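Taking the working numbering, the leading residue of the sequence shown gets 6, the next gets one more, and so forth.
The C-beta atom is built at its ideal place from N, Cα and C for all residues, glycine as well.
Since the structure is predicted, the reported quantities are computational estimates derived from the model, not experimental observations.
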Amino acid sequence: MSKTIAAISTPRAAGGISVIRISGDNAIAIADQVFFPVSGKKLFQQAGYTAAFGDIRDGEHQIDQGVALVFRSPKSYTGEDVVEISCHGGILVTEKVLRAVLREGAFPAGPGEFTKRAFLNGKLTLTQAEAVTDLINAESEKGLKAAQCALKGALYQKISTVLDELLSVTAHIAAYIDYPDEDIDDMELEKIKIVCESCSESLRKLLETFDRGKVIREGVETVIIGRPNVGKSTLMNLLSGYQKSIVTNIPGTTRDVVEESVNIGDVVLRLADTAGIRETDDIIEKAGVERTFDRLMSADLVLAVFDSSSPLSDMDYTLIDKIKEMPTVAIINKSDLIANIDKKDIYNNFKHIVEISAATQTGVEDLNLAINEVLRLNDISTSGAMLANERQYHCVLRADSLLQGALEAIQVGFTIDAVDISIESAISALLELTGEKVTDAVVNEVFSQFCVGK
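Next comes the structure, spelled out in structure tokens:
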């Protein structure tokens, strides 16, 4: 018998409602000690997928009124008996309901413990369980779609197809190993080679999805850079939708990196408004400029801002040399003013250029399109299998490396046993990915990334 666990499954903040989730063999019995339906019918007397309105009590003391949902094993999220008590969303009220449930014998749930039980009870594969946390954390439309696709089992199905092919090969090899007097002929080796090559190609295509998927999940580290007073902070505020950065005509106003996350199209940009680049004796401003160049080196995208109303300076040319090979959108700002800039040096060094006025908010749509082109966002499909994290990536990378080892073993004429060892090891790596053959340490690490209550 597994212990019965409970936790608050909604954010710990005041809101309309809160949900306290209870799961385990005694979930319904414990809920019956704190929840009393107005109908007089106890929860244990109710069928699964039913809701009851009633009083929530701690002993003789009324806490609140709410609704209890009953889910009976195995037709629940965790595969166990589950009760979800919904109460008013006050922080104190919610804590009191949870304390009452714990007093009746439930144990506090750990991070991700409900989803972990769903995995252990066969309700979700490990990749689907990981998709749950991606779904919760999704900040963009593409991120949401990718998580939904993984939750439906796209990655698991892709890996299962590869596994089926490899398992068929190992079964074939086993027949030869069982009869060592019969040598495997060249035709059979060629068949094994073709399968290994095909599976390796499938895995390599999956590996290619990782970097694109990272952009979808984590956003794009974006630096807004330029010399002082070119309109960086105005652009930051425009993209953010409110005044995040202080805007003045005094050079050196922005002395540190100002950060904000914004949605551009289907992805999130992690914007960093940096200190204006110039020679300065001000120690604090100088430190800000150094931080600007530090952030520049780690940027996935550069928004380089130039002032249309003044000629390019030596510092502008220095910046152009530094970033012209980086993924950059060159922004010629202040298009509402009389132009004094020589644009040809910008057009000669950058492929993606937009002319805008951050002050009057013109040209923003062109900027969005340019960002999409630089990041090749239209090339990112969320409808197929995609690697979602480092664990999945390294499992696939290891499997592909082992298949390459099997192909090399065939090429140099190693025994069929040596080929089989490499293929079996590749299978193990893929089974670790799906969670069908995984250590407790890996499982615990995966679910430790979850929040309590999920």
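Query	Result
Close beta carbons around residue 398, own chain, < 8 Å, minus the five adjacent residues each side	212, 215 and 392
The segment 311–323 / the segment 332–349 touching (three or more Cβ pairs under 8 Å)	yes
Classification of residue 109 by the beta-carbon crowding that lies within 10 angstroms, buried from 16 upward	buried
Complete beta strand (DSSP E) runs within the segment 60–122 (minimum length 3 residues, chain order)	66–76 and 87–94
Beta-carbon spacing of residue 334, residue 375 below 7 Å	yes
Own chain, CB closer than 6 Å to residue 72, minus 5 neighbours either side, in chain order	56, 58 and 91
Span of the beta strand (DSSP E), counted from its first residue to its last, around residue 275	272–278
Same chain, Cβ closer than 7 Å to residue 124, five either side skipped, listed in chain order	131, 134 and 440
Sub-7 Å separation of residue 24 and residue 106 beta-carbons	no
Neighbourhood of residue 164 by C-beta distance below 7 Å, restricted to the same chain and skipping five residues each side	435, 438 and 439
Coil, strand or helix - residue 26 by DSSP	strand
Exposure of residue 118, with buried meaning 16 or more beta-carbon neighbours within 10 Å	buried
Segment contact, 8 Å Cβ cut-off, at least three pairs: the segment 377–394 with the segment 358–368	no
Contact set for residue 337: own chain, Cβ-Cβ below 6 Å, skip 5 residues either direction	311, 313 and 360
Host beta strand (DSSP E) of residue 229 (start-end)	225–230
Backbone CA spacing between residue 16 and residue 96 [nearest angstrom]	10 Å
First through last residue of the alpha helix (DSSP H) which encompasses residue 365	Neither: residue 365 is in no alpha helix (DSSP H) and is coded neither H nor E.
Unbroken alpha helix (DSSP H) run spanning residue 333, endpoints	That residue, residue 333, is in no alpha helix (DSSP H); its beta strand (DSSP E) goes 333–338.
Contact between the segment 221–236 and the segment 296–310 (3+ Cβ pairs under 8 Å)	yes
Close Cβ partners of residue 413 (< 6 Å) along its chain, the five nearest in sequence each way excluded	none
Pick from 154, 388, 430 and 99 that is closest to residue 61, judged by C-alpha positions	99
Continuous alpha helix (DSSP H) assignments of at least 4 residues falling wholly in the segment 361–429	369–380 and 395–417
Residue 453: first and last residue of the uninterrupted alpha helix (DSSP H) it sits in	445–453
Distance CB(residue 20)-CB(residue 94) smaller than 7 Å	yes
Segment contact flag, the segment 377–387 with the segment 415–429, C-beta cutoff 8 Å, min 3 pairs	no
Residue 256 - DSSP class collapsed to helix/strand/coil	Annotation note: pLDDT 44 at residue 256 (below 50); position unreliable, coordinate value reported separately. Looking at residue 256 - three-state DSSP - the assignment turns out to be coil, as it is neither helix nor strand.
Contact under 7 Å by Cβ, residue 7 with residue 26	no
For residue 306, the three-state DSSP class (helix, strand or coil)	strand
Same chain only: Cβ atoms within 8 Å of residue 324, ignoring 5 sequence neighbours per side	230, 231, 232, 282 and 309
Buried or exposed (CB count within 10 angstroms, at least 16 for buried), residue 263	buried
Bridge partner(s) assigned by DSSP for residue 11	27 and 113
Extent of the continuous beta strand (DSSP E) to which residue 268 belongs	263–269
Euclidean distance between Cα positions of residue 85 and residue 66	29 Å
Three-state secondary structure (DSSP) of residue 175	helix
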